[in-house]
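With mature numbering (1 follows the signal peptide of the UniProt record, and there is no 0) applied, the sequence shown corresponds to residues -22 to -1, 1 to 188, in that order. Each remark here refers to the structure printed beneath this line.
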Amino acid sequence: MARKSRACGLCVVILLACHVDSVDLTKATLSFFFRGAGMPRRAIFSVAAQVGLGLSEAAWAKRPEGVNRPELLPKTAGESTPIIDVARILTASQERQLTADIAELEKLAKVRLRVLTQTFPNTPGLAIKDYWKPDGRTIIYVHDTGGLGETAVVNFNAGQEVETMKPLSYWRQVQNTYGNKYYIKEHGDSDTVVDVVKALKEGFVPENKS
């Protein structure tokens, strides 16, 4: 009976996650989900990233108290800074390539992509919400170099409009393709970030516009 209740609790979390406004989802709401489902917070955040809880506390806030370190944010304005390389894994040329791909994605697909590299808990955390001001057409790709254990390396947090553009299977495919230990070992974290952004661009930009 207990096992059945726990499973039902998870179903409720997933269903609510799919219909809740990502931007307005609060910590109190998430805490309610955790208690109702009887699941560890890390497990819920993993589910949240895949079903579209998106612009709430997810890959960058995996502790009950969350992380909020605005001092780790760049000094430049958020609107002109699509990449925050806290993990310091990207070269200057890679950042230029990423910036160009992100700009092309936004121009041709009207999708705003933002990239954060981190090694949790060394992350700006919730501070990126005020910095980037994500909306319904925003994708935040969090690359956590401390993943591969109980957390994922490749994480996506998408706004509601973006969620309607791709099925859940798309996000899982990208995450599984580039976020597995074999790919990371062969290509390294920095090249993986470049490859993920390229895959997102190819996935969202119509072929006749690329």
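Where is the CB? At the ideal position from N, CA and C, for every residue including glycine.
If I follow the unbroken beta strand (DSSP E) through residue i, where does it start and stop?
{"i": "V93", "result": "R90 to Q96"}
{"i": "N135", "result": "V132 to A136"}
{"i": "I62", "result": "I61 to D63"}
Have a look at the options and flag the residue whose alpha-carbon is nearest the alpha-carbon of residue i.
{"i": "P52", "options": "Q72, S71 and Y109", "result": "Y109"}
{"i": "G44", "options": "P145, N158, P99 and V152", "result": "P99"}
{"i": "P60", "options": "I80, T69 and M143", "result": "I80"}
{"i": "K111", "options": "G56, N158 and K163", "result": "G56"}
Tell me which same chain residues have a C-beta within less than 6 Å of the C-beta of residue i, skipping the five on either side of it?
{"i": "P48", "result": "A105"}
Leaving aside the five residues before and after residue i along the sequence, list all residues of the same chain whose C-beta is less than 8 Å from its C-beta, in chain order.
{"i": "T155", "result": "Y161 and A177"}
{"i": "P184", "result": "L86 and A87"}
{"i": "Y148", "result": "G181"}
{"i": "H165", "result": "D173"}
{"i": "M143", "result": "V89 and F182"}
{"i": "T123", "result": "A65, I67, T95, Q96, T97, V131 and D167"}
Leaving out five residues before and five after residue i in sequence, what residues of the same chain have Cβ atoms less than 7 Å from its Cβ?
{"i": "R115", "result": "K88, V89, R90, G137, E139 and V140"}
{"i": "N46", "result": "G103, L104 and A105"}
{"i": "residue 207", "result": "This structure gives no information on residue 207, because the portion of the chain shown stretches from -22 to 188."}
Which partner residues does residue i have in the DSSP bridge list?
{"i": "G103", "result": "N46"}
{"i": "I117", "result": "L91 and A136"}
{"i": "D108", "result": "In DSSP, D108 forms no bridge with anything."}
{"i": "D79", "result": "Answer by DSSP bridge pairing: none, since D79 is not bridged."}
How is the alpha helix (DSSP H) around residue i delimited, first residue to last?
{"i": "I162", "result": "K159 to F182"}
{"i": "S147", "result": "L146 to Y156"}
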